[in-house]
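Have a look at the structure below before the remarks.
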Amino acid sequence: RRMFPVLKVSVSGLDPNAMYSFLLDFVAADGHRWKYVNGEWVPGGKPEPQAPSCVYIHPDSPNFGAHWMKAPVSFSKVKLTNKLNGGGQIMLNSLHKYEPRIHIVRVGGPQRMITSHSFPETQFIAVTAYQNEEITALKIKYNPFAKAFLDAKERSDHKDMMEEVGDNQQSGYSQLGSWLIPGSGSLCPPANPHAQFGAPLSLSPAHSCERYSPLRNHRPAPYANPYAHRNNSPS
Numbered sequence: 026r027r028m029f030p031v032l033k034v035s036v037s038g039l040d041p042n043a044m045y046s047f048l049l050d051f052v053a054a055d056g057h058r059w060k061y062v063n064g065e066w067v068p069g070g071k072p073e074p075q076a077p078s079c080v081y082i083h084p085d086s087p088n089f090g091a092h093w094m095k096a097p098v099s100f101s102k103v104k105l106t107n108k109l110n111g112g113g114q115i116m117l118n119s120l121h122k123y124e125p126r127i128h129i130v131r132v133g134g135p136q137r138m139i140t141s142h143s144f145p146e147t148q149f150i151a152v153t154a155y156q157n158e159e160i161t162a163l164k165i166k167y168n169p170f171a172k173a174f175l176d177a178k179e180r181s182d183h184k185d186m187m188e189e190v191g192d193n194q195q196s197g198y199s200q201l202g203s204w205l206i207p208g209s210g211s212l213c214p215p216a217n218p219h220a221q222f223g224a225p226l227s228l229s230p231a232h233s234c235e236r237y238s239p240l241r242n243h244r245p246a247p248y249a250n251p252y253a254h255r256n257n258s259p260s
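Note that the working numbering numbers the sequence shown so that position 206 is 231, with each residue one more than the last.
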């Protein structure tokens, strides 16, 4: 299902005329499995083994720094699942705590510079059903995809509808491709890096991982640069 609340970030300091890709993944925030008891979350045992983390590539990627800085970058189309065969969705273990991590990759030129940022205040516990009644009420009020919690019939209808929508949109989502991030947190390039990225990532010899499928139908270039003749400086 879609992640809600939506993760949005404001960015500054990029080169307005350089091209960047924005990626998102999720890392385990601690070494616990959690449970909801008497109105609060408490550690509930050892965590399950973490599945390889897929990276979500923002659909505007690659694009100019000016594009990324003009408005908050929204990851509103991210979908999460607890199934291995999620079909392009990001798999998380239920009742485990995660922290979103954003990677900014500069593309083009001799090197691909990577910077990663995480925000502890965005940590969350992945669930397949809401545990807190107050959170349930808030999501029904503000999340357009949670209206199905109003009654059992709507839940069933909503599930059928979302599965149908998911099937129809699956091909578009899979075009984003996926990269495997090893435990070290470094990014791994696909087996056949797309031409837009030039040389593979500069990884130290200590970094290694299996190479997964390349980006599929990832657009090779952004829209025409409307900023080329401006003398903007990053804020």
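Positions of the beta carbon are idealized from the N, C-alpha and C atoms, including for glycine. Remember, predicted model here, so these are calculated numbers, not experimental data.
Positions of the alpha helix (DSSP H) runs, each at least 4 residues long and wholly inside the segment 26-110, are given as 90-94 in order along the chain. Boundaries for T153: no beta strand (DSSP E) harbours it, and the DSSP string shows neither H nor E there.
Following the DSSP letters along the chain, one finds R131 inside the beta strand (DSSP E) bounded by residues H121 to V132. For the pair D50 and G90, the CB atoms are not nearer than the 8 Å cut-off. By the criterion of at least three beta-carbon pairs nearer than 8 Å, the segment 114-133 is in contact with the segment 75-88. The beta-carbon distance between L32 and T147, rounded to whole angstroms, is 6 Å. This is short enough to meet the 8 Å contact definition. Taking every protein chain shown into account, the CB of G113 has 16 or more other CB atoms within 10 angstroms, so this residue is buried.
The shortest C-alpha to C-alpha distance from Y155 to any of H128, S35, A54 and K60 is the one to K60.
When Cβ pairs closer than 8 Å are counted between the two stretches, the segment 63-78 is seen not to touch the segment 94-105, the count staying below three. Its Cα nearest to that of H142, the residue L48 stands out among A43, L48, R26 and M28.
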